[in-house]
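Asker: In the UniProt record's numbering, the protein residues as written are 1 to 210. Glycine is no exception: its CB is placed at the ideal position from the N, C-alpha and C atoms.
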Amino acid sequence: MKKNIFKDIIIFAIITLAAGLSLALVNSLTKEPIAIQNEKIIQDSYRSVFKQGKVFANNKEIDEIVDKFPETIKNKNYNFGENGIVIDDILMVTDKTDNLIGHIIKVTTKDGYGGDITLVIGIDTKDTITGIEVLSIDETVGLGMNAKNENFKEQYYNKQINNFTITKTGKQKDQEIDALSGATITSTAFNNAVNSALAINQEIKEIAYE
Numbered sequence: 001m002k003k004n005i006f007k008d009i010i011i012f013a014i015i016t017l018a019a020g021l022s023l024a025l026v027n028s029l030t031k032e033p034i035a036i037q038n039e040k041i042i043q044d045s046y047r048s049v050f051k052q053g054k055v056f057a058n059n060k061e062i063d064e065i066v067d068k069f070p071e072t073i074k075n076k077n078y079n080f081g082e083n084g085i086v087i088d089d090i091l092m093v094t095d096k097t098d099n100l101i102g103h104i105i106k107v108t109t110k111d112g113y114g115g116d117i118t119l120v121i122g123i124d125t126k127d128t129i130t131g132i133e134v135l136s137i138d139e140t141v142g143l144g145m146n147a148k149n150e151n152f153k154e155q156y157y158n159k160q161i162n163n164f165t166i167t168k169t170g171k172q173k174d175q176e177i178d179a180l181s182g183a184t185i186t187s188t189a190f191n192n193a194v195n196s197a198l199a200i201n202q203e204i205k206e207i208a209y210e
């Protein structure tokens, strides 16, 4: 009886070890392809929001401002939400002739209805938004997920506005953005993320355009 129990323990241990090794092997084989695919998605989003951009590069001085966000924002009229905003990255964008044409700002709001929402936002040298891509979102299908739709995002494009506001009664001013139907929380979180990108863009202009 004891021999059978000991034998069963050995067999179970071998099976567990084999399963663990198999899982580790699968993880090691898939980790790099997943990382490559994720990087491709990010790079594609850069090209999407700034179609004229040829080179996207970091800047050490700008990175230092990012690290201290939101303390670096001089204008205190911005609303960064209840749970805050994270500026994930800022890239200087140059065209094929090496001229600086704007910035790409990757930003995450923690106030989405379903969790974090990560955006990639292009802002040109005239302070207008050239495009917005949603990198990560987990909102309600048919409601908050509509933030990915171009007819919502394009409300922000080609306007020299530094602080947008959400309205549920129909926009009447350039700075007003129509909220998504049934998704005010998502709309507000999205808007706060956009405004945070515009806010930090104002702070980095002196470095970028000197």
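1) Excluding five sequence neighbours on each side, which residues of the same chain lie with their C-beta closer than 8 Å to the C-beta of ILE85?
2) Here's the rule I'm using: 16 or more other beta-carbon atoms within 10 Å means buried, otherwise exposed. How should LEU23 be labelled?
3) Compare the Cα-Cα distances from LYS60 to each of GLU39, MET92, ILE41 and report the closest residue.
4) Kindly say whether PHE152, judged by its beta-carbon, lies nearer than 8 Å to any beta-carbon of chain D.
5) Taking the C-alpha atoms as reference points, what is the distance between GLY182 and HIS103?
6) Under 8 Å between the Cβ atoms of GLN175 and ILE185?
7) How should LEU180 be labelled, buried or exposed, when 16 other C-beta atoms within 10 angstroms of its C-beta is the threshold for buried?
8) Which of the three DSSP states is assigned to THR167 in this structure?
9) Which of helix, strand or coil does DSSP assign to GLU134?
10) With DSSP run on the structure shown, which of helix, strand or coil describes VAL141?
11) Which residue wins for smallest C-alpha separation from LYS126, given the options LYS148, ILE117, ASN158, ASP98?
12) Thinking C-alpha only, which one of LYS205, ASP178, PHE164 is nearest PHE80?
13) Which value, in whole angstroms, describes the spacing of the CA atoms of ILE17 and ILE117?
14) Determine the closest residue to ILE200 out of LYS148, GLY122, LEU21, with distance taken between C-alpha atoms.
15) Buried or exposed: ALA189, going by 16 or more other Cβ atoms within 10 Å of its Cβ?
Answerer: Quick look at the numbers:
1) PHE69, PRO70, VAL107, THR108, THR109, LYS110, ASN192, ALA193, SER196
2) exposed
3) MET92
4) The structure shown contains no chain D; it holds only a single protein chain.
5) 32 Å
6) no
7) buried
8) strand
9) Per the sequence shown, residue 134 should be read as Val rather than Glu. Of the three classes helix, strand and coil, the one that applies to VAL134 here is strand, per DSSP.
10) coil
11) ASN158
12) PHE164
13) In the sequence as presented, Ile is not what sits at residue 17; that position holds Leu. Looking at the two C-alpha atoms, the distance is approximately 39 Å.
14) GLY122
15) buried
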